[in-house]
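Asker: Using full-length UniProt numbering, read the sequence shown as starting at 1 and increasing by one per residue.
The structure that follows is given in the form of structure tokens.
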Amino acid sequence: MKYDNLKNRTKLFALRIIKLVESLPNKPTAQVIGKQLLRCGTSVGANYRASCRAKSPADFIAKIAIVVEEADESLFWMELLVESGIVKEELLKDLMKEADELTAIFISSSKTAKENNKK
């Protein structure tokens, strides 16, 4: 059940990222940042699904590390959109919170998997 919840949550995150990127102004800076955000934001769910099919604990640990990186990178690009003045913070606050929460969830999952793998 927990895996299905995170699968849905990461898919919804990707869909929200897609909508955000589609709404960005047609200016070079916004488009470059948007493409970067689109890649990593949609990658969170895809890589999480891959981690659910890991062949071993070590494979899971490696794949979940990618999910952590992609979720954190998504937050970085959104911070740039806000801090550069391209998007108002109020418009991204909830999506940035979600990126932060997903990062924390997957960091915790990674730590637990590493601890369990040592046993």
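Glycine residues also receive a C-beta, built at the ideal position from the N, C-alpha and C atoms.
Because the structure is a prediction, the values reported are computed rather than measured.
1) Answer with buried or exposed for leucine 6, where buried requires no fewer than 16 other C-beta atoms within 10 angstroms of its C-beta.
2) Within the same chain, show all residues whose beta-carbon is closer than 8 Å to that of alanine 65, passing over the 5 residues directly before and after it, in chain order.
3) In chain order, what residues of the same chain have a beta carbon less than 7 Å from the beta carbon of valine 68, not counting five sequence neighbours either side?
4) To the nearest angstrom, how far is it from the Cα of valine 21 to the Cα of alanine 113?
5) If we count the other Cβ atoms within 10 Å of its Cβ and call it buried at 16 or more, is serine 84 buried or exposed?
6) Starting from arginine 49, trace the alpha helix (DSSP H) in both directions and tell me its first and last residue.
7) Can we count phenylalanine 76 as close to the ligand FMN, meaning its CB is less than 7 Å from some heavy atom?
8) Note down the Cα distance separating valine 44 from alanine 54, rounded to an integer number of angstroms.
9) For serine 56, is the classification buried or exposed, using 16 other Cβ atoms within 10 angstroms of its Cβ as the cut-off for buried?
10) To the nearest angstrom, report how far apart asparagine 47 and glycine 34 are at their CA atoms.
Answerer: Inspection of the coordinates gives the following:
1) buried
2) Ser110
3) Thr103, Phe106, Ile107, Ser110
4) 33 Å
5) exposed
6) 28 to 52
7) In terms of ligand content, the structure shown is empty, and the ligand FMN therefore cannot be addressed.
8) 15 Å
9) exposed
10) 20 Å
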